[in-house]
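Right, one structure below, let's go through it.
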């Protein structure tokens, strides 16, 4: 067990809203080492034999339990790839909180590539929350390239909230999902890039069973000289319904490329996509200024609301 | 007290200067309820926007409580106690009704206080307090929320640009009650309303008739109303 230092504690607060050791199952990883683990009667966490990551086993019927798996990097120059596999038992109902915080004050790049695979059992319900955060004023880049794969059995449901608001220099995230009949996937992505940051976010959701539904919604803000690419595809291979939406605010010299796409391979697949990119409306700023806010405060309120 | 001195406003149209307001002079005393009316295109909304600082005059000055605010921006005027209700309220993705009321009040408004403001404008607080001010709200709902933000602002000068537009008859009564309550509750407060509605004109202390960018006539409802042509409750032009 490694004792967390002040920087690591701050990172954990940012990514998991944790001020102390959480209840339930958890696995803390700090600077590529295990910093703490707890298992419960229903949730087991075991390290993979080859050391590449962890397996999380949630017993069928586990209700109202949570798993926290935060990762923090506070040394410059760490580059790691971690595989975390979640086996969520049938009929369970759990909250999984993941996230990565990088503080890089050095000159070497720090990179964490988390590959998360979820095997969601029949009728199980999962809420997954993932936050990414970067800090530190070193020249080294803070890089996060997460891959998320979701395999959903009949009747299962998964809600994913993914947020990356601050400090990550480069991210290339990939999310793939395979849904069987009556499975339901809801994705809420929130992204903000500053400076010269780049972010790429791609989704491939395959609706393979009857009545499978997916709703993939991304809201993002690109400021300064940053750039973003959002590439979401929903494929309907059965009578199903899917919706994808990308809504972005562009500021300064930001650049945004939105490529929502749909593929239907079944006559009863109902698929919809929406995409909108625009700057903050002048009227919105004026309205908030008439309430006594400065232009800058008005801008902050509009962005905070948009990314809520 | 609001004083407007020799105010002119022009815009460039097809390479030529087009005068919207010309050499307008006006004083609105504390505690007054003034309705500005006039035909479309007479410059009413422009005058309201000039008072709030959304537009800057070409010439002339605006004084609020003796202080020259002509060069002050919107935020500074708002802080001095001027508020403005938009003719077409603005929508915001993600900002909730309670957030806007909190920002308007300038303090950490309690949910129950926010609910009181919504009840005042005839909205069931429980149904609206957590709603986003986005396109899911109708024009009428937005309009009432806009008025609620002015109640939460509680300022000495409130300017409403056509508050009745999009509001149904039931809430029309409510609207008049709100104006009367605002006058009573905020000491020395003045209310300026841009309106065509006869029922709003009737309760004014003073009506200003704006036409062709200048004030053509002013007086009490008894003096002015007979001079206006009535068309289904809407006053449009001088006889």
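Protein chains in written order, with the numbering used here: chain X, 7 to 314; chain D, 1188 to 1426. Backbone N, C-alpha and C fix where the C-beta goes; we use that ideal spot for every residue, glycine too. If you're wondering where the values come from, they're calculated on a predicted model, not measured in any experiment.
Asked	Found
Beta carbon proximity, residue 300 of chain X to chain D, threshold 8 Å	yes
Residue 306 of chain X at chain D interface by Cβ criterion, 8 Å	no
Any C-beta of chain X under 8 Å from that of residue 1270 of chain D	yes
Burial state of residue 1325 of chain D (16 or more Cβ within 10 Å)	exposed
Chain X residues whose Cβ lies nearer than 7 Å to that of residue 1239 of chain D	296
Within chain D, partners of residue 314 of chain X - CB distance below 7 Å	1281
Through-space distance from residue 1189 of chain D to residue 1399 of chain D, alpha-carbon basis	22 Å
Selection from X/145, X/123, X/229 that minimises the alpha carbon distance to residue 199 of chain X	X/229
Residue 193 of chain X burial status per 10 Å Cβ neighbour count (16 or more: buried)	buried
CB of residue 37 of chain X within 8 Å of CB of residue 81 of chain X, strictly	yes
Identified DSSP bridge partners for residue 1224 of chain D	D/1396
Beta-carbon separation (whole angstroms), residue 91 of chain X vs residue 62 of chain X, contact threshold 8 Å	7 Å
Chain X residues whose Cβ lies nearer than 7 Å to that of residue 1254 of chain D	In chain order: nothing, as chain X lies at least about 16 Å away.
Helix, strand or coil at residue 1271 of chain D according to DSSP, with G and I counted as helix	strand
Beta-carbon neighbours of residue 1401 of chain D, restricted to chain X and to distances below 9 Å	Residues of chain X passing the Cβ test: none, with the nearest at roughly 26 Å.
6 Å Cβ shell around residue 140 of chain X - same chain, five flanking residues per side excluded	108, 148, 173, 174
Distance CB(residue 1285 of chain D)-CB(residue 1316 of chain D) smaller than 8 Å	yes
Classification of residue 1426 of chain D by the beta-carbon crowding that lies within 10 angstroms, buried from 16 upward	Low local confidence applies: a pLDDT of 41 at residue 1426 of chain D is under 50, so the model's placement there is unreliable, with the coordinate-based value given in what follows. By the neighbour-count rule (16 or more Cβ atoms within 10 Å), residue 1426 of chain D is not buried but exposed.
Residue 1209 of chain D to residue 21 of chain X span [Cα, whole Å]	58 Å
Backbone secondary structure at residue 1348 of chain D - three-state DSSP	strand
Contact the region 39-48 of chain X vs the region 159-167 of chain X: 3+ CB pairs below 8 Å	no
Short CB-CB distance (under 8 Å) between residue 1251 of chain D and chain X	no
Contact with chain D by residue 293 of chain X, beta-carbon distance below 8 Å	yes
Residue interval of the alpha helix (DSSP H) (run including residue 264 of chain X)	Looking at the DSSP string, residue 264 of chain X is not in any alpha helix (DSSP H); the run it does join, the beta strand (DSSP E), is 261-270.
According to DSSP, residues forming a beta bridge with residue 44 of chain X	X/32
Residue 238 of chain X burial status per 10 Å Cβ neighbour count (16 or more: buried)	buried
Strand pairing of residue 1333 of chain D, partner residues [DSSP]	Partner(s): none; residue 1333 of chain D has no beta bridge.
Presumed contact (8 Å Cβ cut-off) between residue 137 of chain X and residue 187 of chain X, rounded CB distance	Contact flag wrong, Cβ pair sits at about 32 Å.
Residues of the region 1284-1315 of chain D with Cβ closer than 7 Å to any Cβ of chain X, in chain order	1286, 1290, 1291, 1293
Where the region 217-249 of chain X meets chain D: residues whose CB sits under 9 Å from a CB there	225
Where residue 1381 of chain D sits in the DSSP three-state scheme	strand
For residue 1 of chain X, three-class secondary structure by DSSP	Because residue 1 of chain X is not part of the residues shown, which for chain X are 7 to 314, the question remains open.
Chain-ordered residues of the region 35-46 of chain X with a beta carbon less than 8 Å from chain D	none
For residue 1361 of chain D, three-class secondary structure by DSSP	helix
At least three beta-carbon pairs within less than 8 Å, the region 97-104 of chain X to the region 66-74 of chain X	yes
Minimum Cβ-Cβ distance from residue 1426 of chain D to chain X less than 8 Å	Residue placement at residue 1426 of chain D is poorly supported in this model, since its pLDDT is 41, which falls under 50; the coordinates are not used for a value here.
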